[in-house]
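Following: one structure in structure tokens, then a few remarks.
Residue numbers (full-length UniProt numbering): 1 to 306.
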């Protein structure tokens, strides 16, 4: 069983379902509205935990109703929450998600407490990081705190996985220097490298640019096509599973969390781990909501047997 520590965002998602996305200035009727647990960090932690990892979380919530809801939900998942700070002067992060009948989404995020926890808050939980197999992070929380977490991890021989989302044009060089694996999508890859992703040749070129920054393993997620990987001179595409998607909100987070739960620390089973993450993601996109859509290990293994 891998021990996975996620540092990042905790959001209460407010989801609105519509037939088609509204045009600028247009007023439309909705089909459904609901709230659920979300935040890229929390989604990834839930995905890892549901796939059998021993999962810890480092982050923050506000001292408000949304924060209580999110702590209750994560407690139900049996995620270790000792690393979560409750902030009295910040609101809990929230995301406003619109999903259309094609399964596409638009998301607006209020960071709140996610952007307010500090490197000192991370340092206070050094022991959690140092006893992990993997530390996973994204860009929905304070980047300087992520840098601190990754530095502690690398010094302790703990592998670091960076999901550079939402895309950031200037990622701190000190963060990339302590990143073992990076998992961007096509758009995020272009933002990071300036190379448009159009085919496998462009993916290899972009991977080379990322390797040049000191990152040993590159995975580029390519939506319904699957995921491209490049590590130690090996590269290829692990195809996605063909399903009818209804909501892609947590697809990437599910992939990363599930993959980290089964990945060997030396990345020796990378292709198999990607395939497992693809299977988990293929189940998630067939359901609505972020955390409610994330599958459990038994569901993933049952799907693999079909």
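We put the CB at the ideal spot given by N, CA and C, even for glycine.
- Per DSSP, reduced to three states, the secondary structure at residue 274 is helical.
- When the beta-carbon positions are compared, residue 160 and residue 154 come within less than 8 Å of each other.
- Inter-residue distance for residue 57 and residue 171 is about 23 Å (C-alpha atoms, whole angstroms).
- Around residue 33, the same chain offers 14, 15, 16, 17 as residues with beta carbons nearer than 8 Å, after the five sequence neighbours per side are excluded.
- Inclusion of residue 245 and residue 291 in the CB contact set at 8 Å is not warranted, their separation being larger than that value.
- The C-beta of residue 278 has 16 or more other C-beta atoms within 10 Å across all chains shown, which makes the residue buried.
- For the pair residue 274 and residue 80, the Cα-to-Cα distance works out to about 25 Å.
- Note on the segment 38 to 121: whole alpha helix (DSSP H) runs with a minimum of 4 residues are 40 to 50, 65 to 76, in chain order.
- The C-beta distance from residue 191 to residue 197 rounds to 11 Å, too long to fall under 8 Å, and the pair is not in contact.
- In the three-state DSSP reduction, residue 211 falls in the helix class (H, G or I).
- Annotation for residue 257: the continuous alpha helix (DSSP H) segment containing it runs 251 to 262.
- For residue 236, the three-state secondary structure derived from DSSP is strand.
- Contact check for residue 92 against residue 62 passes: the beta carbons are separated by less than 8 Å.
- Per the coordinates, the alpha-carbon of residue 50 lies some 29 Å from the alpha-carbon of residue 120.
- Sixteen is the threshold: when 16 or more other Cβ atoms of the shown chains lie within 10 Å of the Cβ of residue 151, as they do, the residue is buried.
- As the crow flies, the alpha-carbon of residue 295 is around 22 Å from that of residue 107.
- With a contact defined as Cβ atoms closer than 8 Å, residue 53 and residue 131 miss out at about 13 Å.
- Residue 262 has its alpha-carbon roughly 24 Å from the corresponding atom of residue 73.
- In terms of Cβ geometry, residue 116 and residue 129 do not form a close pair [threshold 8 Å].
- Residue pairing by DSSP places residue 287 opposite no residue, since no beta bridge is assigned to it.
- Going by beta carbons, residue 250 and residue 284 fall inside the 8 Å limit.
- The closest CA to that of residue 266, considering only 216, 203, 228, 281, is found on 216.
- Within the DSSP secondary-structure output, residue 6 pairs in a beta bridge with 57, 136.
- Annotation for residue 214: 177 place their beta carbon closer than 6 Å to its own, counting only its chain and skipping 5 residues before and after.
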